[in-house]
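K.L.:
Quick one: this structure, given as structure tokens, is what I'll be asking you about.
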Amino acid sequence: MNPTALMIMLLSLAIGTTMTLMSHHWLLAWIGLEINTLAIIPLMTKTPHPRAIEAATKYFLTQASASALILFSATMNAWKTGEWSITLLSDPYTITLSMALMMKLGLAPLHFWLPEVIQGIPLSTGLILSTWQKIAPMTLLLQISHLTDLKLLITMGLTSILIGGWGGINQTQLRKVMAFSSIGHLGWMVLILKFNPQLTLFNFLLYITMTAAMFFSLMSISSTKISEISSSWPKSPILVTTMMLVLLSLAGLPPLTGFSPKLLIILELAKQNTLLLASVTMLASLLALFFYLRLTYVMILTLPPHIPPSSTHWRTTKNSPLTATMTTLALLIFPLSPTFLLII
55 MNPTALMIML LSLAIGTTMT LMSHHWLLAW IGLEINTLAI IPLMTKTPHP
105 RAIEAATKYF LTQASASALI LFSATMNAWK TGEWSITLLS DPYTITLSMA
155 LMMKLGLAPL HFWLPEVIQG IPLSTGLILS TWQKIAPMTL LLQISHLTDL
205 KLLITMGLTS ILIGGWGGIN QTQLRKVMAF SSIGHLGWMV LILKFNPQLT
255 LFNFLLYITM TAAMFFSLMS ISSTKISEIS SSWPKSPILV TTMMLVLLSL
305 AGLPPLTGFS PKLLIILELA KQNTLLLASV TMLASLLALF FYLRLTYVMI
355 LTLPPHIPPS STHWRTTKNS PLTATMTTLA LLIFPLSPTF LLII
């Protein structure tokens with residue numbers, strides 16, 4: 055892609071998200087979401103491949119439907135209340151706006167577009183879609199969290215955790231695995247949204263850090279399939295080792311970064327006397343733990359002395375400082391969790 059065009063698209067992404075973050079008016083927030091949607095489509099189709107065109111079309115139709123629902127609900131709410139304020143919502147329109155924002159995020163059962171779209175686009179665009187594109191809808195969801203129906207959030211959260219774990223078990227494509235991982239993590243965030251929005255924000259920040267670290271690592275070794283990742287040890291042993299640890303962090307194993315949000319969410323659910331919900335959530339997260347451990351096991355099988363000498367490659371992979379920084383954060387934030395929570 056032309057560097058000037060690329061800069062314009064990335065700048066538009068930044069402007070769209072910033073506009074939504076700064077707005078207290080539904081119309082301005084909607085404009086920011088639309089700028090975001092339109093700016094990422096050229097990035098999806100920068101490689102003119104039928105899969106990329108199909109992914110961009112699916113993404114556009116889904117996001118346009120959600121945006122239309124947001125605009126319609128906000129307009130009807132303004133007609134009823136006389137105000138466009140984000141935090142002033144009347145009863146019927148809170149549910150429709152919440153569902154539209156969850157559709158933009160890719161929460162189950164409105165998740166069907168997400169794995170297919172991420173599978174059809176490059177890893178760099180998949181990184182933007184999995185992290186940056188979720189900031190604006192999540193911010194709006196956080197702002198209306200006190201008005202959202204608790205039963206809706208619990209249902210969507212549990213369904214997303216189950217679908218995120220179940221869908222990722224049978225995958226051989228790493229991008230689809232990351233898509234189902236995203237669905238599962240968003241389920242944890244939505245589950246606790248009504249009880250403790252600050253904890254949702256904390257979980258969201260750590261999710262962005264861990265997902266970015268994983269995508270940067272995959273981009274460094276140019277792997278999109280499990281079969282490719284299984285032969286990457288000779289190219290970059292240190293990077294593959296840190297990738298295994300990032301996967302375990304995404305799974306939520308202690309003492310890595312991903313353990314802290316899960317621990318705090320379970321403690322908050324127990325504090326709210328929802329022990330049954332906490333138990334079901336922990337059992338459902340075992341599905342996701344299985345496919346993370348499966349990926350880690352595939353990497354471990356290729357470590358010396360299992361790998362034959364004939365398949366050894368030159369170690370030509372260059373690790374960028376950004377990859378190193380994000381990987382370090384994805385592994386070592388756990389001891390600093392109380393500090394970050396105090397800041398939030």
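Using this note's numbering, you'd call the opening residue of the sequence shown number 55 and step up by one each time.
Every residue, glycine too, gets a C-beta built ideally from N, C-alpha and C.
(1) Bridge partners for H79 per DSSP, in chain order?
(2) Tell me, please, whether the segment 193-212 touches the segment 224-242 by the rule of three or more beta-carbon pairs shorter than 8 Å.
(3) What does DSSP give as the partner residues of K279 in its beta bridges?
(4) For M297, which residues from the same chain have a beta carbon less than 6 Å from its beta carbon, with the 5 sequence-adjacent residues on both sides left out?
(5) Is it buried or exposed, H103, if we count other Cβ atoms within 10 angstroms and call 16 or more buried?
(6) Relative to the C-alpha of H165, which residue among A83, T381, S236, F269 is closest?
(7) Expressed to the nearest angstrom, what Euclidean distance is found between the alpha-carbon atoms of F388 and L310?
(8) How many Å lie between W80 and M264 at the Cα?
(9) Give the C-beta separation of L206 and I149 to the nearest angstrom, bearing in mind that I take them to be a contact with Cβ-Cβ under 8 Å.
(10) Rounded to the nearest angstrom, how far is the Cβ of A154 from that of A120, given a contact under 8 Å?
(11) If we ignore side chains and look at the alpha-carbon of each, how far apart do I319 and N56 end up?
(12) Would the segment 63-71 and the segment 125-132 be scored as touching if the rule is three or more Cβ pairs under 8 Å?
(13) May I ask which residues mark the beginning and end of the alpha helix (DSSP H) holding F345?
(14) By a C-beta neighbour count over all protein chains shown, 10 Å radius and 16 as the cutoff for buried, is G221 buried or exposed?
(15) Consult DSSP for W133 and reduce its assignment to one of helix, strand or coil.
(16) To the nearest angstrom, report how far apart R229 and V171 are at their CA atoms.
(17) Work out the CA separation of I89 and M232 for me, nearest whole Å.
(18) Assuming Q173 and Q117 are in contact, meaning their beta carbons sit under 8 Å apart, how far apart are those beta carbons, in whole angstroms?
(19) Please go through the same chain and pick out, in chain order, the residues whose beta-carbon is closer than 6 Å to the beta-carbon of K100, but skip the five residues on each side of it.
(20) Could you tell me whether the Cβ atoms of L196 and L255 are closer together than 8 Å?
(21) Classify P363 as helix, strand or coil using the three-state DSSP reduction.
(22) Going by other Cβ atoms of all chains shown within 10 Å of its Cβ, with 16 needed for buried, is P191 buried or exposed?
(23) Determine, using beta carbons only, whether S144 and N131 come nearer to each other than 8 Å.
(24) Between I107 and E322, what straight-line distance do the alpha-carbon atoms span, to the nearest angstrom?
(25) Is the Cβ-Cβ distance between I85 and M73 less than 8 Å?
(26) Which residue marks the beginning of the alpha helix (DSSP H) containing G312, and which one marks its end?
(27) Out of L168, L142, A122, which has the shortest C-alpha to C-alpha gap to L87?
P.N.:
On the basis of the supplied data:
(1) Answer by DSSP bridge pairing, in chain order: S139.
(2) The answer is yes - the segment 224-242 touches the segment 193-212, with three or more Cβ pairs under 8 Å.
(3) Q227, per the DSSP bridge assignment.
(4) Counting only Cβ-Cβ distances below 6 Å, and skipping sequence neighbours, we find S271.
(5) Exposed: under 16 other Cβ atoms inside 10 Å.
(6) Cα-wise, what sits closest to H165 is S236.
(7) So the alpha carbons of these two residues sit roughly 6 Å apart.
(8) Cα-Cα distance, rounded: 31 Å.
(9) The beta-carbon distance between L206 and I149, rounded to whole angstroms, is 6 Å. This is short enough to meet the 8 Å contact definition.
(10) Confirmed, about 5 Å.
(11) Roughly 44 Å between the two C-alpha positions.
(12) Under the 8 Å Cβ criterion, the segment 63-71 does not count as touching the segment 125-132, having fewer than three qualifying pairs.
(13) Per DSSP, F345 belongs to the alpha helix (DSSP H) from 329-354.
(14) In the assembly as shown, G221 is a buried residue. Its beta-carbon has 16 or more other beta-carbons within 10 Å.
(15) W133 sits in a helix when the DSSP states are folded into three classes.
(16) If you take the alpha carbons of R229 and V171, they lie about 10 Å apart.
(17) The C-alpha of M232 lies about 25 Å from the C-alpha of I89.
(18) That pair is no contact at about 17 Å.
(19) Result list for K100: M55, in chain order.
(20) A contact, by the Cβ cut-off of 8 Å.
(21) Confidence in P363 is poor, its pLDDT being 48 and thus under 50, which makes the residue's placement unreliable; the coordinate value appears in the next sentence. If DSSP states are grouped into helix, strand and coil, P363 belongs with the helices.
(22) With 16 or more other Cβ atoms inside 10 Å of its own Cβ, P191 counts as buried.
(23) Contact: yes.
(24) One alpha carbon belongs to I107, the other to E322, and they sit about 43 Å apart.
(25) Yes.
(26) Where G312 is concerned, there is no enclosing alpha helix (DSSP H), because DSSP gives it neither an H nor an E.
(27) Residue A122 holds the alpha-carbon nearest to the alpha-carbon of L87 among L168, L142, A122.
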